[in-house]
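A.B. asks: So that we are looking at the same thing, I have put the structure below in structure tokens.
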Amino acid sequence: MVDAFWKQQNSAFLRRFRTLVGMALKIRSINDNSAVHCPGNLNLSIMANAPLAEKTLFLEYLSRGVLTQPTTVLKPARSGYACSDGDSDLGHYTCNMGFQPGELGELERLPGWMGAYCLRPHYLNEQVHRTIFMHEAIFEMNSNFGPTLRAVVYDIRVGPTLIHGYEKISDSLYIENLKLCSTPAIFE
332 MVDAFWKQQN
342 SAFLRRFRTL
352 VGMALKIRSI
362 NDNSAVHCPG
372 NLNLSIMANA
382 PLAEKTLFLE
392 YLSRGVLTQP
402 TTVLKPARSG
412 YACSDGDSDL
422 GHYTCNMGFQ
432 PGELGELERL
442 PGWMGAYCLR
452 PHYLNEQVHR
462 TIFMHEAIFE
472 MNSNFGPTLR
482 AVVYDIRVGP
492 TLIHGYEKIS
502 DSLYIENLKL
512 CSTPAIFE
């Protein structure tokens, strides 16, 4: 039963990344389960199916019963938007460095694959879109969190072609074993 649920969740996640109409993102803490010093930075790695550099990323969590919503501006990963060859559930392709990141023609299918993101068997020579763009985000954190952090991270895309004029893309974040910071509020 759990295996079937996992496959369904995984399939929905991959389907969202493969679509050309909707946005998708996946968040991972670069800090992992190591200490975030007080105050300190929370470093996140963001995988998206479109370039999101210079977009605002929101982090929402409850801190001592108060909704906290810091923001930051997304940056391309240190490697930039450099394409990297893919041979996984997100596509089977090589990169053509003669094209700009995200541009049609940037990817070339591996032999034996066809369709959007080169995910169906059989070769067909048509243009494909890149699936993954890596980003980095750094949130300055005060001492009002820890030892665990449960948060929702999201971006809002606005445009006339979107239903209701906007689209919210989100992911959840859970980090445990963070260093608990002492503040004057603890002693009051």
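So the sequence shown is numbered by our numbering: it starts at 332 and just counts up by one.
For every residue, glycine included, the Cβ atom is placed at its ideal position computed from N, Cα and C.
1) Could you give the DSSP three-state label for I494: helix, strand or coil?
2) Would you report the Cα separation of D416 and T492, rounded to the nearest angstrom?
3) Compare the Cα-Cα distances from G429 to each of G371, G422, E439 and report the closest residue.
4) Please report the straight-line C-alpha distance between K406 and G443, rounded to a whole angstrom.
5) Using CA atoms only, rank isn't needed, just tell me which of S394, K386, E467 is closest to R359.
6) Skipping 5 residues on each side, what residues in its chain have a beta carbon closer than 7 Å to that of I361?
7) Alpha carbon to alpha carbon, how far is I494 from L509? Give it in angstroms, no decimals.
8) Cα separation between G396 and R409?
9) What would DSSP say about S376, mapped onto helix, strand or coil?
10) Just list the residues that DSSP pairs P407 with in beta bridges.
11) Could you tell me the distance, in whole angstroms, from the CA atom of I500 to the CA atom of A355?
C.D. replies: This is what the structure holds:
1) The DSSP-derived three-state label of I494 is helix.
2) 31 Å
3) E439
4) 35 Å
5) E467
6) N374, L375, S376
7) 39 Å
8) Near 36 Å, if we compare the C-alpha coordinates of R409 and G396.
9) strand
10) H466
11) 6 Å
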